[in-house]
Every structure is written in structure tokens, then in C-alpha cells.
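Its first residue numbered 1, the sequence shown is counted upward by one per residue in full-length UniProt numbering.
Cβ atoms here follow ideal geometry from the backbone N, Cα and C, with glycine treated the same way.
Model, not experiment: these values are computed from the prediction.
Have a look at the structure below, then the notes.
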Amino acid sequence: MAKAVWNGQTLAESETYETVEGNIYFPDETVKREFLRPSSTTSSCPWKGQARYYTILVDGQENQDAAWYYPDPKPAARNVKHHVAFWRGVEITK
Numbered sequence: 001m002a003k004a005v006w007n008g009q010t011l012a013e014s015e016t017y018e019t020v021e022g023n024i025y026f027p028d029e030t031v032k033r034e035f036l037r038p039s040s041t042t043s044s045c046p047w048k049g050q051a052r053y054y055t056i057l058v059d060g061q062e063n064q065d066a067a068w069y070y071p072d073p074k075p076a077a078r079n080v081k082h083h084v085a086f087w088r089g090v091e092i093t094k
């Protein structure tokens, strides 16, 4: 079981997940979307493609661009399509 927690709130929890470059990617259906706000931030990875970000909002506290996903990953990273990963102080346990 993998779990993502920030500011005392569980953001995602799943028995199944993908691990890429040491990051846990949670399936979309296991992510609590009520804590995510779309961000205009993007980044690019040569083999995964373009990432888009979410800002996390819990109890009035914001964690800017602390979650990311690949809406249209390149073929080598297709296993992370429909998955979300976390960083910037989000505690990941498994």
C-alpha cells in the first residue's frame, strides 16, 4: 500500500502504483482531487514527455506545483498515463 500525505491529509492511497525514477505514481482513481488545483506550470522530460502540475490545497495551506502528471506520455512512459506523483514535502510511504 502506497500513501501520499501532506499537512495531515491523505492525498492518495493505493495498493497498485507505478514507480519511475524513484517516484511513486498513483492511479488517477486513487487521488483525492478535491485537494488539487490545476497549475499553469509545465516541464519536459526527454523520454517521458511534457508534465503538467497541480498545486495542493489543504486547510487553507498551499503547496505550489507539488503534484504532477503526464497527460500524453511518450511510449517509453505509457505506464504513468492516468497517474499522479507528488513531491515538495508530500510524505510518501509504502
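Boundaries of the beta strand (DSSP E) around residue 3: 2-6.
Checking the DSSP bridge columns, you'll see residue 62 partnered with 57. Rounded to the nearest whole angstrom, the CA to CA distance from residue 92 to residue 7 is 12 Å. Each residue's CA atom was taken as its position, placing residue 37 and residue 55 some 5 Å apart. Comparing C-alpha distances from residue 53 to each of 9, 85, 3 shows the shortest one belongs to 85. Annotation: residue 51 to residue 32 spans about 19 Å, alpha carbon to alpha carbon. A distance below 8 Å separates the beta carbons of residue 30 and residue 12. Distances from the CA of residue 89 to each of 63, 80, 82 were compared; the closest alpha carbon is that of 63.
Residue 84: member of the beta strand (DSSP E) spanning 83-86, first to last residue.
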